[in-house]
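Number of protein chains: 2
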Amino acid sequence: MKISILGSGAVGQTLGKSLSDSGHEVVIGTRTPASLDEKRGYAASLKDWLASLTRRASVATFAESAAHGEVVINATSGRGSIEALNHAGAMNLDGKILIDVSNPLDFSKGMPPSLTICNTDSLGELIQRSVPGAKVVKTLNTVTAELMVAPHKVAQGNHGLFVCGNDESARKQVAVWLNEWFGWKPEQIVDLGDITAARGTEMYLPLWVRLYGQLGTSMFGISIVR
Amino acid sequence: MKISILGSGAVGQTLGKSLSDSGHEVVIGTRTPASLDEKRGYAASLKDWLASLTRRASVATFAESAAHGEVVINATSGRGSIEALNHAGAMNLDGKILIDVSNPLDFSKGMPPSLTICNTDSLGELIQRSVPGAKVVKTLNTVTAELMVAPHKVAQGNHGLFVCGNDESARKQVAVWLNEWFGWKPEQIVDLGDITAARGTEMYLPLWVRLYGQLGTSMFGISIVR
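In order, the protein sequence lines correspond to chains E and Y. Letter 79 of the first sequence, counting from 1, is numbered 79 in this note's numbering, and no numbers are missing. Letter 15 of the second sequence, counting from 1, is numbered 1015 in this note's numbering, and no numbers are missing.
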């Protein structure tokens, strides 16, 4: 499948390697596709990322990446999401499923991070308003990148994940992909309904960050227990 | 043990009946202790509540209740918490553990509720600032009232609970009480550290409310899965 990943940091690289290595045609989109030697935040350079792959993938502009994708994944930092989507271009996103895995975390004032948008709005909703022609489905934002692509690494994959978005068939399709691509168990995927539920999954992040600090590891999930 | 419960709604009544029936000396504090016949929001009247008890408890003003308690539980609605604590009086709270189970939910603009305070502050922190002489420990605010006092009703009690507060020994004491009073399993109680973690547990509420809607029941918990 032709997959566009917007964002070249740890999340984009982790998703991209997993999807490329399992046979998908991945194009990572970035503001600076020519800077292959530059370290990407805490993550490797894209040159090192490309060298780590078992199959060929490529790096392009946001617009080229989005044009390539049958599905587009927003893996930019929350801060950069709207600008990246503007660069990607509505004509390259219209009618497509846009999987949003970003969080509106603001580390600029130190720890703990706050959210740049919350409570009566969310980044997921803002993104849907920014690209009304795309079918935004928010998911994966409640776990660390390594766990997004390998849920079995914690408790044999017996922990939960949320999907939300305004288009029901898009939510169901993404749930199928989460299983096919990464092995998320269907019974662990909770459909939260429309995109306003992104408020809930994004506002979980302050608790996630605190748990990360107290547990001393980012390799954890949460389960809904009934 | 002499226990003060501030708040006469569903949460205060549920906590109060459980603690009274198991032998504690409970005094519920309310703004309107004389109005025993009045329904308390969605909950019963205090006359009916008193009649439901297997042992004797009483109803008093916030100040009388707080003066009685060796420990004080804030079970008011988030909206009314600061006023209730002002009525309770610093001299009746100083040096005591104040267990805060409230959430800053605002239903005034309809569903979904928003939070009256979040992101860079929390109700738990606001309460600690309002009564600096008390040892505020936030807990139980992530589950419905029925589950607070009977965690075994879901998955044999195998689901998580959070405690946070600035005083470590108070957090440990509350964890012991949660086990002794209600049967919360020690291994399920996660110590999140100081009171700023209340941001995380209160900001979980929008996700809780959404899950409540989607699952069709409030009888659920979350587990941290490692």
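All C-beta atoms in this analysis are idealised placements derived from N, C-alpha and C, irrespective of residue type, glycine included.
Check: Compute the Euclidean distance between the alpha carbons of residue 1002(Y) and residue 132(E), then round it to the nearest angstrom.; Outcome: 58 Å
Check: Starting from residue 159(E), find everything on chain Y with Cβ-Cβ shorter than 7 Å and list it in chain order.; Outcome: 1225
Check: Taking 9 Å as the cut-off, decide whether the C-beta atoms of residue 31(E) and residue 10(E) are in contact.; Outcome: no
Check: Taking Cβ to Cβ, would you say residue 1065(Y) is nearer than 9 Å to residue 1027(Y)?; Outcome: yes
Check: I need the DSSP call for residue 1176(Y), collapsed to helix, strand or coil.; Outcome: helix
Check: Counting only Cβ pairs nearer than 7 Å, list the residues of chain E close to residue 1115(Y).; Outcome: 119
Check: Is it buried or exposed, residue 1057(Y), if we count other Cβ atoms within 10 angstroms and call 16 or more buried?; Outcome: buried
Check: Determine, using beta carbons only, whether residue 1149(Y) comes closer than 9 Å to chain E.; Outcome: no
Check: According to the neighbour-count rule (16 or more other Cβ atoms, all chains shown, within 10 Å of its Cβ), is residue 1168(Y) buried or exposed?; Outcome: exposed
Check: Around the C-beta of residue 1156(Y), are 16 or more other C-beta atoms found within 10 angstroms, so that it is buried, or is it exposed?; Outcome: exposed
Check: What are the residues that DSSP puts in a beta bridge with residue 1162(Y)?; Outcome: 1190(Y)
Check: Pull up the distance between the alpha-carbon of residue 186(E) and that of residue 148(E), whole angstroms please.; Outcome: 14 Å
Check: State the start and end residues of the unbroken alpha helix (DSSP H) segment that holds residue 1014(Y).; Outcome: 1010-1021
Check: Name the chain Y residues that come within less than 9 Å of residue 204(E), Cβ to Cβ?; Outcome: 1200, 1203, 1204, 1206 and 1207
Check: Where does the unbroken beta strand (DSSP E) through residue 229(E) begin, and where does it stop?; Outcome: Any answer about residue 229(E) is impossible in this case: the structure gives chain E only from 1 up to 226.
Check: With C-beta atoms as the reference, is residue 1141(Y) less than 9 Å away from residue 1205(Y)?; Outcome: yes
Check: Given that residue 1210(Y) touches chain E, what residues does it touch there, using C-beta distances under 9 Å?; Outcome: 162, 164, 192, 193, 196, 197, 199, 200 and 201
Check: Take residue 124(E) and list the residues in its own chain whose beta-carbon comes closer than 6 Å to its own, dropping the five residues that flank it on each side.; Outcome: 100, 138, 195 and 198
Check: Looking at residue 1202(Y): is its Cβ nearer than 9 Å to the Cβ of residue 1115(Y)?; Outcome: yes
Check: Report the residue from 209(E), 182(E) and 162(E) whose alpha carbon sits nearest the alpha carbon of residue 192(E).; Outcome: 162(E)
Check: State the start and end residues of the unbroken beta strand (DSSP E) segment that holds residue 44(E).; Outcome: 43-45
Check: Look up residue 1170(Y) in the DSSP assignment and say whether it is helix, strand or coil.; Outcome: helix
Check: For a test of the three-state rule: what should DSSP assign to residue 117(E), helix, strand or coil?; Outcome: coil
Check: Does residue 155(E) get closer than 9 Å to chain Y when you measure Cβ to Cβ?; Outcome: yes
Check: Go through its chain and collect everything with a Cβ distance to residue 1130(Y)'s Cβ below 6 Å, but skip five positions before and after it.; Outcome: 1082 and 1085
Check: Please name the residue, chosen from 47(E), 50(E) and 55(E), that lies closest to residue 21(E) on a Cα-to-Cα basis.; Outcome: 55(E)
Check: Determine the extent of the beta strand (DSSP E) in which residue 6(E) is found, giving its start and end residues.; Outcome: 2-6
Check: Tell me, which residues are paired with residue 139(E) by DSSP?; Outcome: 163(E)
Check: Taking the alpha carbon of residue 1092(Y) as the reference point, which residue from 1071(Y), 1154(Y), 1109(Y) and 1207(Y) has its own alpha carbon closest?; Outcome: 1071(Y)
Check: Measure from the C-beta of residue 139(E) to each C-beta in chain Y and report whether the shortest distance is under 9 Å.; Outcome: no
Check: Name the chain Y residues that come within less than 8 Å of residue 229(E), Cβ to Cβ?; Outcome: Residue 229(E) is absent from the structure shown; chain E starts at 1 and stops at 226.
Check: I'd like to check one pair, residue 79(E) with residue 105(E): are the Cβ atoms closer than 9 Å?; Outcome: yes
Check: Of all the options 29(E), 111(E) and 175(E), which has the alpha carbon lying nearest to the alpha carbon of residue 87(E)?; Outcome: 29(E)
Check: Using a Cβ-Cβ cut-off of 9 Å, state whether residue 1073(Y) counts as contacting chain E.; Outcome: no
Check: Tell me which residue opens and which closes the alpha helix (DSSP H) that residue 36(E) is part of.; Outcome: Unbroken run through residue 36(E): none, as it is neither H nor E.
Check: Output the distance between the C-alpha atoms of residue 12(E) and residue 146(E), rounded to the nearest integer angstrom.; Outcome: 11 Å
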